[in-house]
Structure formats: C-alpha cells, structure tokens
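One structure below.
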Amino acid sequence: MTAAAPSKSGLHSTRNACWALLVLGFLALFAVQRQIDRETDVYAKINEVLYVRSGTTLRSLCLGNEGLLADIYWTRAVQYFGRGLMEGTGERRFELLAPLLRITTDLDPQLIIAYRFGAIFLMARRPVGAGDPQGALQLIRRGIVANPDYWRLWQDLGFVYYWELHDYKSASKMFAIGSQQPGADFWMKALAGTVAAKGGDLETSRFLWSEIYRHAETDAVRKTAEYHLASLKARVDLDKLNDLLEIYRRKTGHDAHSIYDLTSSGLLSGLPKDPSGIPYVIGPDGHAALGEGSSVDLRMVQ
Amino acid sequence: MKAMNRVASIALHTFKEAVRDKVLYNLVVFALLLIGAAILFSSISVGIEQIIMIDLGLSSISVFGLIMAIFIGIGLVSKEIERRTIYHILSKPVRRVEFIVGKYLGLVLTLVINTAIMTAGFYLAIYYQKRSLGAEDFAPLSAIYFILLQLAIVVGLAIFFSCISTPVLSAVFTFCVYVIGHFLSEIRWLGTTLHSSAAKWVTQVLYYLLPNLSDFDFITRAAHGEKMSSSLLVSNSLYALLYVTVLISASILIFEEREFK
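Quick mapping for you: the protein sequence lines, in order, are chains A and B. If you want my numbering, it's the position in the first sequence, counting the first as 1, plus 1155. If you want my numbering, it's the position in the second sequence, counting the first as 1, plus 3.
Shown next, in the form of structure tokens:
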C-alpha cells in the first residue's frame, strides 16, 4: 500500500518554500536573539551567581561524582578569577572567590592546587586579589587538616602571616613547623630563623615570591608572583637610586635634576629601567620614582 | 481555504485524541499540589507565602506542560506510523505539510487549554490565600505566556525529532535540547573565556543555532511583581514564532522524503 502522493510540481514548491522558511527563519532568529540579548543584558549576571553555596550539600546531591564536580568548580574559579584578573577584563566580584574555593575543597579536600591558588588570590590586595588574608588563612588551615603531610601549605600559611599581616613571629613559627614535615625543603628551617631575626625585608620577600613563581601550577599564580617580583625589584632599584642621589648631593652640593646627572657624573654607567622597561625618573620631591607609563605597582610592596 | 480546513480538522482530531488519552488528568494532580501548597505555606512561612505560591504554581505549569509537550509530541508522527493509520490519512486528499502543521497545532491547542485550566486553578489558589485579587496579581500572566511560547518550541522540537528517530530517542533528544537550551548563556560565556578562536566560534554558533529557552524564563521575576517590557514581549514572541517556523519547515522537509510502503 502506498500513500497518495501530491503532484510533482506541488511537492517541489512545498520543498522550496520550506527551505526558504528554514534559511530566512534562521537569519531572522539571529537578529531577534541579538535584540533580546540587548534587552536582557541586565539579567545576564547569572554567571556570577553560585546556585548552591554548601559544598557538603552538593556532595550529597552529586551521587558519587563529587570529584568531577570539584573539577568543574575549580575550573570555574581559575577561569573567572585567574585569567580574567590577569587580562583585566572588567570588574570582578571577589565575594564569590571564597565560597567557590570552599565548595571546591569540600567536594575534593585533596585538591591541593585549590588551597594554594586560594591563598594567593584571597590574600592579595585589590585589584589583584580579594584583600582577605583571614579568609586565606582559614582556607589553608582547612587544607592542612585534610592534607597534614603536605609541607608547602605550611609555607603558604607562613607566607600570608609574613606578607600581608606582617606578623613575623607567627610566620616564623609556621615556617618552622613546615620545615619538620616530611619532604620539606632545607631552606624552610633557615627561612624560619631569618624571619624571626630580621622580620620583613626585601630579600626574604623576593625569595618567597620566587619560590611561589617556581612552583606555580597555574598561569594566574605565576603572573601574580611575577607582578610582585617586579614591584620588589623596582623597590630595590629605587632605594639604590636614592642612595646614589644622596652621594651626588654630597659630592656636588646640589640636587640632581635628572637621572642623566648621575650617569654624567660617573655614578651610573647607563640609564636604569624598571621591570616594565620604562626608565626611572626623579620625582618632584627629589627622590627616584617610576617613569610615566610604567606598569609596575609599588602599592604591592608597601 | 480547503487546506486550512484540513489542517484544522487534523488539529482538532489531535486535541480530541489527547483528551481521550486522559492527559488532562494531570490537572487534578496540579490542583491538589497547589491547594496543598497554599495551605502548607500559609501556615509555616512568613513574608514570602505569595512568592512561594507563584514560584510553585508557575513552575508546575511549566513542568506539566513540558512533560505533555515531549511525551505527546514525540508520538504525534511515530504513533500514526506504528498504528499504520498514516496510510489511511495520506491516502485521503491530505498533503504531508498539512498533516505536520495540523498535528503541531493540535498539540499546541491541547497545551493552551491545559495551561488555561491550570492558570484558573492557580488564581483560585492565590484567591484562597489572599481572599482577594488585585491588578498586581495578574503580573504572572506574562510569565505564563512565556511558558506557552517555550512549550510551543518544545512541541516543534518533539515533532522534528520524531520525524527522524524512534519515539524513545526523540524524547531523549528533545529533553537534551531543552536542558541545553537553558544553558546557552553559560555556553556562550564559556566561549569568551577560551583562547581558541575555533572554540569561541563553535560556542557562538551553538548559541544562535539552538533554541535559547532561557529567554523565556520569567517566573522568578514575575513572583517579585516585575512587569515585562513590551519590547521583550514582542521580541520573544517573534523569536518563538521564527523558531517554530524553522522547526516545522525542517520537519516537513524530512517527512516529505519519507516513504511509507
């Protein structure tokens, strides 16, 4: 039995009409969707919302797939707070960073990278991080409870005390405890002693940031370390230049007007540049300063 | 004119068949759910009773409608083929295009009537809770209209997939597209965070190719008394109309190619 077929020309015109509707429909849909996007842009902030804030609730909801979910949350944290920050793509809502990391580590307490990443970005001052050193300490302590043998978390804990809270006594204590953990690098013990004796100094800071740079597991952390190392180098350079300016003043009896005065007097062999490649200048207060257009941020080392 | 009559006749037949299949029984479940919720939340909740009632009522309308749209939609074409009634229908002076359009309109009519009855039940529950109905209580109607537009697209998807696959796979495909359709903004956002331009391009294509069903999500905002702008109303209506046109055109093209021997 065969179904009745319409005439060939009728069938042909139906097909043509359908194809035309299909193509034109899709073209029109593109324009309409763009119009809707413009109208609903105010509601397009859904990406910045966490639907479930409790990691333990999520853990029971995901029926044994918490590892996968932790990976998804971790990826989201890196994408959103890591790359976005470094590329300077708009304002970031840092209040979501701590819950994102808490959920990630609730789902997978052995995800070391999340604690270490969190320590850097929760601790760092705005605009680089959330400016929440207490949140960073809390996260790392949870990491230590879940991973007691991982000595680098003690290093991170000490680092937060050292860098942001300037609590050198606590920092030294954390480095000392870390140095006793299995597999800890030999310098941890020396570091504990240095910090206890000297407190905060630029060399120790450079060493700690260099360690973070060397062992960074994400580009975001590596770039943050680079950023801080550049600031520290500029700080050291500026201190040296100020010393030279003082020598120049004593030698000539008047202030230098520009860095060229230092080179012409033989105190400097060339024009010094900051880590972003911009030559240093002498500021209106007579002290060495960063040149115009420099991307180095000295607030990071204050 | 004759073609229109034939389409109307198929649509009416589809609606009657749905009623005969007792799909409207879901209304009883819906009514019980709403009455129960109205009584329960009035007694245990403070300050957000009406918001809960609107959220629950509109979500129920959406979920019940979705279930009907998928499970009846996937059977519209395949059931006729399985029961071999397709031979009987197409041996009459009924063109395939009329058959598809009629089936589609019949199910949309079923969903409209079903939604209308559920909406009446929803307002009865609101009235029971508030003991009055004011002009502001009718703000959720715009959200219900958007639910209907969404369901119209889902029916189109179900018919499209039922033209190319088995009923079970059609249901799976339709449900998958429905879920993906609610995450297209996330997919597009994901594309913007990737370095690969090919990946960006793919996410953009997906965003415009698949039905963006989150455009029609207005339930939460309606529960907070937000009014919908007329331009959004027009844009979304146009979007649904265009998408349904595309889906039905594609379904007809596929159905025209099928041989029933």
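Cβ atoms here follow ideal geometry from the backbone N, Cα and C, with glycine treated the same way.
Inset, instruction - With 7 Å as the threshold, decide whether the Cβ of E1203 of chain A is near any Cβ in chain B. - result: The residue you call residue 1203 of chain A lines up with position 48 of the first sequence. Only weak support is given to the placement of E1203 of chain A: the predicted model assigns it a pLDDT of 47, under 50, and the question is left unresolved by the model.
Inset, instruction - Could you check the C-alpha separation between Q1376 of chain A and Y1368 of chain A for me, to the nearest Å? - result: Position 221 of the first sequence, counted from the start, is the residue given in the question as residue 1376 of chain A. Position 213 of the first sequence, counted from the start, is the residue given in the question as residue 1368 of chain A. Just to set this straight, residue 1376 of chain A is Val in the shown sequence, not Gln. Whole-angstrom Cα-Cα distance: 7 Å.
Inset, instruction - List the residues of chain B that R1170 of chain A touches, going by C-beta distances under 7 Å, in chain order. - result: Stepping through the first sequence from its first residue, residue 1170 of chain A is reached at position 15. Chain B residues near R1170 of chain A: L256 and E259.
Inset, instruction - Check distances from the C-beta atoms of the region 213 to 224 of chain B to those of chain A and list, in chain order, the residues that come in under 7 Å. - result: N215 and D218
Legend entry - S63 of chain B burial status per 10 Å Cβ neighbour count (16 or more: buried): In the second sequence, the residue the question calls residue 63 of chain B occupies position 60. Buried is the call here.
Inset, instruction - Indicate the three-state DSSP secondary structure (helix, strand or coil) for K1428 of chain A in the structure shown. - result: In the first sequence, counting from the first residue as 1, residue 1428 of chain A sits at position 273. Correct three-state label for K1428 of chain A: strand.
Inset, instruction - Find out if the Cβ-Cβ distance for the pair S1449 of chain A, S1431 of chain A is shorter than 7 Å. - result: Here residue 1449 of chain A corresponds to residue number 294 of the first sequence, with the count starting at 1. Here residue 1431 of chain A corresponds to residue number 276 of the first sequence, with the count starting at 1. Cβ distance < 7 Å, so S1449 of chain A and S1431 of chain A count as in contact.
Legend entry - Chain-ordered neighbours of S232 of chain B on chain A, where CB pairs are closer than 8 Å: In the second sequence, counting from the first residue as 1, residue 232 of chain B sits at position 229. Chain A residues near S232 of chain B: E1194.
Inset, instruction - With hydrogens ignored, establish whether the beta-carbon of V22 of chain B is closer than 6 Å to any heavy atom of the ligand GDP. - result: Summarising the ligand content, the structure contains no ligands, and the ligand GDP is consequently not present.
Legend entry - Residue range of the unbroken alpha helix (DSSP H) whose run includes K1 of chain B: There is simply no residue 1 of chain B to check, as chain B begins at 4 and stops at 264 in what is shown.
Inset, instruction - Report the partner residues of P1434 of chain A according to the DSSP bridge assignment. - result: By 1-based counting over the first sequence, the position of residue 1434 of chain A is 279. In the DSSP output, where bridge partners are listed per residue, P1434 of chain A has A:K1428.
Legend entry - Through-space distance from Y1270 of chain A to A1385 of chain A, alpha-carbon basis: Along the first sequence, one-based indexing puts residue 1385 of chain A at 230. Along the first sequence, one-based indexing puts residue 1270 of chain A at 115. Going by the C-alpha atoms only, they are around 24 Å apart.
Inset, instruction - Report the three-state DSSP secondary structure of V1204 of chain A (helix, strand or coil). - result: On the first sequence, position 49 is the one that residue 1204 of chain A refers to. Since pLDDT at V1204 of chain A reaches only 49, below the 50 mark, its modelled position is unreliable, and no value is offered.
Inset, instruction - Under 8 Å between beta-carbons, which chain B residues line up against V1187 of chain A? List them in chain order, please. - result: In the first sequence, residue 1187 of chain A corresponds to position 32, counting from 1. S238, L241, Y242 and L245, listed in chain order.
Legend entry - Test: A253 of chain B CB closer than 7 Å to a CB of chain A: Counting from 1 along the second sequence, the entry for residue 253 of chain B is found at position 250. True, the Cβ-Cβ gap to chain A drops below 7 Å.
Inset, instruction - Count the other CB atoms, across all protein chains shown, that sit within 10 Å of the CB of C166 of chain B; report buried if there are 16 or more and exposed otherwise. - result: Numbered from its first residue, the second sequence carries residue 166 of chain B at position 163. Classification for C166 of chain B: buried.
Inset, instruction - Write down the C-beta distance between N218 of chain B and I1191 of chain A rounded to the nearest angstrom, noting that I regard them as a contact closer than 8 Å. - result: Residue numbering aside, residue 218 of chain B sits at position 215 when the second sequence is read from its first letter. Residue numbering aside, residue 1191 of chain A sits at position 36 when the first sequence is read from its first letter. Before going on, a small fix: residue 218 of chain B reads as Asp here, not Asn. Confirmed, Cβ separation roughly 5 Å.
Legend entry - For W1306 of chain A and M1278 of chain A, the rounded distance between their alpha carbons: Your numbering for residue 1278 of chain A matches position 123 in the first sequence. Your numbering for residue 1306 of chain A matches position 151 in the first sequence. Their backbone Cα atoms lie some 19 Å apart in a straight line.
Inset, instruction - Reducing DSSP to helix, strand and coil, say where A119 of chain B ends up. - result: Within the second sequence, residue 119 of chain B is the residue found at index 116, counting from 1. Three-state result, A119 of chain B: helix.
Legend entry - Listed by chain order, chain A residues near F235 of chain B by CB distance under 8 Å: Numbered from 1 along the second sequence, position 232 holds the residue referred to as residue 235 of chain B. The sequence given here places Leu at residue 235 of chain B; Phe does not occur at that position. Here the neighbours are I1191, E1194 and T1195.
Legend entry - Simplified DSSP state of A243 of chain B, which is helix, strand or coil: Numbered from its first residue, the second sequence carries residue 243 of chain B at position 240. In the structure shown, A243 of chain B sits in a helix (DSSP, three-state: H, G or I).
Legend entry - Integer-rounded CB distance, given that L152 of chain B should sit under 8 Å from A243 of chain B: The residue given as residue 243 of chain B occupies position 240 in the second sequence. The residue given as residue 152 of chain B occupies position 149 in the second sequence. The Cβ separation is near 4 Å, so the contact holds.
Inset, instruction - Spell out whether any CB of chain A is found under 7 Å from the CB atom of V157 of chain B. - result: Within the second sequence, the letter at position 154 stands for residue 157 of chain B. Not one chain A Cβ lies under 7 Å of V157 of chain B.
Legend entry - Nearest to F149 of chain B (by Cα), restricted to the options B:G137, B:T195, B:V115 and B:S173: Position 146 of the second sequence holds residue 149 of chain B. For the residues B:G137, B:T195, B:V115 and B:S173, the minimum Cα distance to F149 of chain B belongs to B:V115.
Inset, instruction - Compare the C-beta of T248 of chain B against all C-beta atoms of chain A and say whether one is closer than 7 Å. - result: Sequence index remark: in the second sequence, residue 248 of chain B carries index 245 (1-based). At least one chain A Cβ lies under 7 Å of T248 of chain B.
Inset, instruction - Quick one: grab the DSSP three-state call for A34 of chain B. - result: If you number the second sequence from 1, residue 34 of chain B lands on position 31. Residue state, collapsed to three classes: helix.
Legend entry - One or two residues paired with A1443 of chain A in a DSSP bridge: If you number the first sequence from 1, residue 1443 of chain A lands on position 288. The partner list for A1443 of chain A (beta bridge, DSSP) reads A:I1437.
Inset, instruction - State whether the region 251 to 264 of chain B contacts the region 163 to 180 of chain B, with contact taken as three or more CB pairs (one from each stretch) at a distance under 8 Å. - result: yes
Inset, instruction - Would you check if there are 3 or more beta carbon pairs closer than 8 Å linking the region 132 to 141 of chain B to the region 205 to 223 of chain B? - result: no
Inset, instruction - Compare the C-beta of G1180 of chain A with all C-beta atoms of chain B and state if any pair is closer than 7 Å. - result: Taking the first sequence and counting its residues from 1, one reaches residue 1180 of chain A at position 25. Chain B contact via Cβ: present.
Inset, instruction - Could you check what DSSP says for T1407 of chain A in three-state terms: helix, strand or coil? - result: As a first step, residue 1407 of chain A must be located in the first sequence, where it is residue number 252. Helix at T1407 of chain A.
Legend entry - Cβ of L1184 of chain A within 7 Å of any chain B Cβ: Position 29 of the first sequence, counting from 1, holds the residue named residue 1184 of chain A. Taking Cβ atoms only, chain B reaches closer than 7 Å to L1184 of chain A, which makes this a yes.
Legend entry - Contacting residues, own chain, Cβ-Cβ under 8 Å from G228 of chain B (five flanking each side not counted): Counted from its first residue, the second sequence places residue 228 of chain B at position 225. If we look at G228 of chain B and ignore the five residues flanking it on each side, its Cβ neighbours are E139 and A142.
Legend entry - Min CB distance L1177 of chain A to chain B below 7 Å: One-based indexing of the first sequence puts residue 1177 of chain A at position 22. By this cut-off, L1177 of chain A is an interface position.
Inset, instruction - Would you please verify whether the beta carbon of Y211 of chain B is less than 7 Å from any beta carbon of chain A? - result: If you number the second sequence from 1, residue 211 of chain B lands on position 208. Yes, Y211 of chain B counts as interfacial toward chain A.
Inset, instruction - Pick out whichever of B:R99, B:H185, B:I54 and B:L241 has its Cα sitting closest to the Cα of Q1188 of chain A. - result: Indexing the first sequence from 1 puts residue 1188 of chain A at position 33. Among B:R99, B:H185, B:I54 and B:L241, the Cα nearest to that of Q1188 of chain A belongs to B:L241.
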